[in-house]
Structures are given as structure tokens and as C-alpha cells.
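Residue numbers (the numbering used here): 20 to 877.
Positions of the beta carbon are idealized from the N, C-alpha and C atoms, including for glycine.
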């Protein structure tokens, strides 16, 4: 059979259901394909309107290519679609042949030479825009004629790679986080939301929490800092976590990461909803946030951006990528950032330097290795926010800070690591990753923060707030490694995609600290006296805290493609954890005494994971899953034994859709998560004073989520979300007036809104004098939230409006972009988050703020 690949006439050709087969002689199409006799003429007529196309005269037409490494048949289809050339070749010619990635601007001949390099295939022009392919007889032998057999038209579509800097999509088709394999989201039986780099650019998300506002069921919190503030914890499906993941590696936000996560080298953010400990080890059952970093590029790319905004905010970023060697075997990428900014909060400013180089070594067509590093030097503010009076946060100006000037910490963070993969063949790949994170310097203080008032000290006229002066020094280390084997095979006509792997993590923490009671301050009429470091020469509490946590796991997973477009996933994980704690505390509250503790925790668990997905038509998927989760309890029973690990179970069902020729996606999900063995304070006051707990707490969160993203019309992009969460503490104990009660049972978890939503959309003019002009607008809505688990006070609901405008144009090969964002347009006063405490941690939201940007790309 002879294949003729011609440009497609999309108005006459229906969507192709099945991908091209590796066997060119057995290409399967799921619908009748009509041949457009005028297709070549039509595409050549409109060729000048295709982005990335230029003409330099004669036979030197230049096209922009971004064809991923894949089977040769698919690459030839993409080549034909881009250039308008008609390719003819025997079907068996390209069987089992892979092509390398083709990225950059080339003439048709240059591009085809690169695609066919090393394949043993030659080509010759047989007419206007017609090219014939044949096997090379020898380097010196003349090419023989070819017999043209019956032709068929193959429809293909060229799309930019997700990592290409020119990719401006809001919708991302595939995700890695849910299965540890590059799987289409429409074939993944779990809820996954991906935030593309274009969304982050349009919103100028300089903080991780700003980007996460686009995801349903996710409530990020901000602690302090400039525009956007710092990042302390994230609530996913009602459960709080301080951890995030970087390219699948776990980062503990409470220890080895100091200050907010830098966004300069973030390519996209993948959020997996629901328990994920099966593949990634201990975590909260609400889900996980996985940051996918920018990777080296085969085509040179350079970018420089200057941002400036309200509250003296300045941020400079640079991005450079390209090949190191002429053959492209060695690629690099370097991201740099410098930030200096203030805040609407008093005494708050930050200073940050970030440097992240990455090198990719293409050892062969089957073996690749990456080496990466991150360095961050930070001066971050320390701000414990406000407190509650009655059932609402204290009524003071949102800029009010109950600390003192100079309250901040200084730290350096180093991340080094590598990953490599080797493909034994087209079906089996072994991959390994190692990361090491060091926080050798984290000096906090001397600093002052407010601890909230005693109720009797707060009147209409004055409110006396207790304060503490403290200082600490930290030295943290984290090591993480994982080894995975991915394979594909068929049994009894069923296609399997298996994952077998294991991981290990070691986290070490050491801190020395001291704190002392300092002079109270009136929250209504504050008089700031500065930081009195002399108080720490005779502290009320001092000491050291240490722990080592080791975590290991083995997991296996099989994704099976059943008949009638049914996908079944099943897996399990074995976990083992060992944690040792030791500390020395020196108390000085009138009767000085020393307390030393030394505890050891060892636990094991096996947990399953099941998912099923049915795709009756390409545009619709129905899915469901059941997943169990494994955590770790930090505490001891009164008898000295370790508390059992926290556990959780999730039931989930949902619908996914892809519309408008796959340009727009949506997911509607229902879930029910129950978490057990939550540590609560021992109701016996004597045992509670000694730090003993009981693992009797239980929480159930259930809800509905909706996520949308994509391009509705040419130039009109949208990303939106809605979440409904019904949160309830189903088991608890407490001691009230000497009697053991049910405590907070029946109440809601803190910081969890029942209803929340977000919407952001942009429109960019595609042609005419206004081409390159873009406008955007969005809303963020949050329902009332409880400030603590006792539901003793509430954070009022709010809605904020955001706007943006930008313009980009090209000067030769250089692209210039300007942009202005306005957040909280109506200057709404609101509270961003609480911290399960009446006395501190209530953070006011950022008032109206502006962010400008000038970016140069070439």
C-alpha cells in the first residue's frame, strides 16, 4: 500500500477516533475519510495566515516546527500539515521507525532532512509540493523509480508541545501526577486539574497560592509578604497540608522550605484531588500539589521580564535555554529571579534571590539524564496576623501589625538532584530520581509577635495583647529517591500499562530556640517600642528540638484497557515509617525546671487504590474510584506508646468532557472522604500538660467540584471552578467542667468554605490593527468559613474582582509584551485565612493592588 499524506480539509473530514498505528500498513481509521480534491490549493491559499510561517522567496519558505519525538508516520503527518507538501511512500517504509523531536524554524527540505536523519529513508521532489519517500539503496546508488499505488488521505493535527514557550493554551491534555505516567486526563479515573504557564502569565501569579485560586476545592492561605503574600498551607478538599511536590518529589513546607515557593522556573502546576499516598507516601487525604519545572529546550529561547507593582514591589526574572552541543545531545536551561517588595501590612518586606540551572544529557535515543539545582536566599517577614473578638476578627485596620519593625528571618535553601531514564525498547522504561534539599541557615529573629488578648483585657476602648519575643536557628535536610519501572504489554487482547516502583525519604530537623514574654500592646491604640533582644538573655522557654523521619514504600499499579473503551486501574502500596524525636526544654516560669523527651515511632501499612473509567464517545468520560490513604500521627498515648497512623478512605465519581475539537475541557466530581485516628489532646489535664494525646478524632468531608479550562472561541480563553464542601467533625473528645464530652463533634473544620468559585477569562484579538491586544477579567468568591474547629468565630464571605490588559508585538524575531493587572479592583476588605486559633493567625486579604510587566522574548 502506498500512503499519500495531504493537508486535511477539516470541513469535510470527521474527527479521527484512533491514533496512527506503528504498523503503517494497518492504519485504522474509525470513520469514513473523504478526499478533498482541492485541499492542497486551499491550504496553500491560506498559508500566509498560519502563525509562525514566513516566506523568503523561491524555494526557501520557512516554517515553524514543534513536532515531538514519536513514530515516523505521525511525524510525517504533522510535517505535511505544517508545510502543505503531499508525501507518498510505501506503507511498510516507516514501520517501527521513530523520529526525533523537531523544533525550530526551517525550510521544508531542512525539516524533512532532520526528520529522516538516520532512518535509512531518502526523498525526492516529484512535482509541485509533492514528495516521494523511499528506502536508501546505498550512499552512492541512484534512486529507483517508485510505483504509485492506491492512495489514502490521513488527517493529522500539529500542536505545540506543552513545554514550548510559544504554547499559550489554558487547557493541558495530559498529566503525570495521577498515575506517574504521561496519561491523557480523559483516560485517568481521578480528578486532576492542570494550571498552565499561560494562565500564570496572564494573572501574573508570583506566588503559588495565587495560581491555586483557579482550582476547585483548593483554598490557599497567605501568611505575609508583598503582593500575594507568603505561602503557609493549602487546604484541598477541606484537609490542610504544608507539603508540595516538585516534579514528583516531596518537599516539606514546614521544614526544609523557608518562605514562599519561587515561581520563576515553574512550567505548570498539576493538582491531584483525593488521597495520593499510594504513589507518593505519607500525605493528607485531600490531595497533592505537584509543581512541574521548566525543562531544557532544543531550540534557543531567551526571556527577560521586569515586574513592578503596589507596595514597592519589584521583580526581575530571566530565562535562557537551548543546546550546548551542535548535535543537541546536551541541552540547558537557566532561570534567575530577584525580588524586593513591601506589603500593605506594617513592618513587612522581603528580599529574595533565586538561581535554577538545569542540564539535559541525551546519551542516546533510549537513555536520557537531567541534572538540576536550585538556590534561594530569602529575607522573609514574620507576621502572625490578627486575633478574634467575639465571633469575628478584631475590628482594626487591615494593615495593623502587632509585632515590631525588623521582625523577619533570613535563610538559604539548596536543592540538588538528578534523574535519568532508559528505554529498553518501545514498551519498557526504567527511571530513577534523587533530590537533596539543604536548609543550612535559617535565622529567625529576634522577633516579636502578638498572642491575642485575654477576654477580660479587651473592651470597646482598648484591647491589651500579650506578646512574645523569640529567636530560633534551624538546620534541616531532606533526601528523596524513587525508582520506577514502566511497561506496556498485552494479554488475551487486553492492553496493560504497569508501574512498579519504590521510594525512600529521610528528613532531618534541628532547631535551637528561645522566647520570652515581652511588653503587651494595645491593638486599638498601638505604641511600638521596638525589639528588646535583651529579654532573650533570660528567656521563659529555651531549648532544642530534633527529629529524624525515614519513610520507605513499595508500590505497584496496572492500568488495563478493556473492550468498549473501558479503562481499569488497580494498585497498592506498602509503607514503612520510622520517626525518632528528642528535645531538651528549659522552662522558667517562676519555678525553673528542665524537661527532656525521647520518643520512637515505627509503623507499617498496606493500602489499595482502584479506579474505573468508561469513554463511550471521545468527548465524554465517566469515572469512579476508591482510594485509601496512610498518614502518620505525631503523639503519644498516656502509656508512652505511639499513636496509630491516621487513615482515610475516599469514594469518588465524576464526568469529564472535551469539547470544541479538544480545545475545552471540564470535570464534574462528587467525593466523600473520611479521615480517622486524628490526634486530640488528652482530656485528662495532668496528662495533657505532659503532652499526651489520644487518636480518637474523625472528620468527614464530602462535596461537589466543577473545573473548566480551555478556548471557547479563537482568542477567548477561560479557566473556572466551583466547589461545595460539607465538612463535619464526626468524632472528638474534650474535658468541660471536669467531665469528658464530645468536644467539637458535629462542627465544621476550620478554614473550609461551604461554597467557593473562581472565574478568569481573556480575549486576544487575532487579526487586524488590534492583533496582539488582550483583555482579561475574573472573580474569586468564598463563602463564610469557620476560624477554628470549635467554630467559636467566623471569617465572613467575600468576592474580589480582577482585571488585566496587555499588548504584544514582534520586532523581527523578538517578541515584546506589556501587561497591567489590577487585583481586588473594588478594594474589598476581607480575611484570607485563619489558623485554627482565636489568638493569632487571622490574615487580612490584600487590598487593591497593581502589577505591571514588560517582557522581551527571542
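Euclidean distance between Cα positions of residue i and residue j
i           : j           : result
residue 206 : residue 543 : 57 angstroms
residue 959 : residue 613 : This structure cannot settle anything about residue 959, because the visible part of the chain is limited to 20 through 877.
residue 231 : residue 239 : 7 angstroms
residue 656 : residue 301 : 21 angstroms
residue 127 : residue 107 : 15 angstroms
residue 252 : residue 259 : 6 angstroms
residue 584 : residue 638 : 12 angstroms
residue 294 : residue 650 : 10 angstroms
residue 816 : residue 841 : 21 angstroms
residue 395 : residue 101 : 42 angstroms
residue 764 : residue 859 : 23 angstroms
residue 818 : residue 864 : 11 angstroms
residue 868 : residue 84  : 40 angstroms
residue 215 : residue 190 : 7 angstroms
residue 109 : residue 137 : 18 angstroms
residue 81  : residue 104 : 13 angstroms
residue 861 : residue 254 : 15 angstroms
residue 446 : residue 88  : 15 angstroms
residue 607 : residue 560 : 6 angstroms
residue 468 : residue 626 : 42 angstroms
residue 164 : residue 91  : Residue placement at residue 164 is poorly supported in this model, since its pLDDT is 41, which falls under 50; the coordinates are not used for a value here.
residue 27  : residue 131 : Because residue 27 sits at a pLDDT of 42, beneath the cut-off of 50, its placement in the model cannot be relied upon, and the point is left open.
residue 529 : residue 834 : 48 angstroms
Identity of the residue in the options nearest residue i by Cα
i           : options               : result
residue 424 : 810, 550 and 677      : 550
residue 780 : 426, 188 and 765      : 188
residue 15  : 87, 482, 826 and 671  : The displayed coordinates of the chain run from 20 to 877. Any statement about residue 15 would go beyond what the structure contains.
residue 539 : 498, 512, 510 and 485 : 485
residue 317 : 329, 345, 297 and 327 : 345
residue 567 : 596, 89 and 382       : 596
residue 588 : 643, 437, 602 and 654 : 643
residue 453 : 434, 468 and 735      : 434
residue 499 : 125, 536 and 456      : 456
residue 154 : 114, 625, 278 and 731 : 114
residue 658 : 685, 666, 710 and 634 : 710
residue 212 : 609, 198, 291 and 148 : 291
residue 524 : 267, 874 and 843      : 267
residue 120 : 139, 97, 142 and 141  : 97
residue 574 : 874, 124, 520 and 536 : 520
residue 359 : 323, 487 and 400      : 400
residue 582 : 141, 802, 571 and 633 : 633
residue 736 : 785, 757, 620 and 702 : 785
Beta-carbon gap between residue i and residue j smaller than 8 angstroms
i           : j           : result
residue 355 : residue 337 : yes
residue 489 : residue 533 : yes
residue 812 : residue 857 : yes
residue 752 : residue 699 : yes
residue 502 : residue 451 : yes
residue 320 : residue 340 : yes
residue 310 : residue 590 : no
residue 791 : residue 750 : no
residue 387 : residue 369 : no
residue 194 : residue 284 : no
residue 417 : residue 377 : no
residue 348 : residue 381 : yes
residue 836 : residue 827 : yes
residue 870 : residue 223 : yes
residue 759 : residue 704 : no
For residue j and residue i, believed in contact at Cβ under 8 angstroms, the rounded distance
i           : j           : result
residue 810 : residue 852 : Actually they are not in contact, since the Cβ atoms of residue 810 and residue 852 sit about 16 angstroms apart, beyond 8 angstroms.
residue 94  : residue 134 : 6 angstroms
residue 630 : residue 256 : Not confirmed; about 17 angstroms, so no contact.
residue 516 : residue 200 : 6 angstroms
residue 696 : residue 664 : 6 angstroms
residue 616 : residue 602 : 5 angstroms
Length at least 4, wholly inside the segment 296-372: the alpha helix (DSSP H) runs in chain order: Correct list: 296-299.
Whole runs of the beta strand (DSSP E) within the segment 425-511, excluding any shorter than 3 residues: Qualifying beta strand (DSSP E) stretches, in chain order: 427-442, 447-477 and 482-510.
Sequence ranges, beta strand (DSSP E) only - wholly within the segment 800-858, length at least 3: Listed in chain order, they are 817-830, 833-842 and 850-852.
Ordered list of alpha helix (DSSP H) runs contained in the segment 602-689, each at least 4 residues: The alpha helix (DSSP H) runs lying completely inside the segment 602-689 and spanning 4 residues or more number zero.
Whole runs of the alpha helix (DSSP H) within the segment 70-127, excluding any shorter than 4 residues: Within the segment 70-127, the complete alpha helix (DSSP H) runs of at least 4 residues are 91-102.
Ordered list of alpha helix (DSSP H) runs contained in the segment 178-218, each at least 4 residues: Taken in chain order, the segment 178-218 contains no complete alpha helix (DSSP H) segment of 4 residues or longer.
Segments assigned beta strand (DSSP E), at least 3 residues, entirely inside the segment 742-804: Taking 3 residues as the minimum length, the beta strand (DSSP E) runs contained wholly in the segment 742-804 are 753-755, 758-760, 774-783 and 792-801, in order along the chain.
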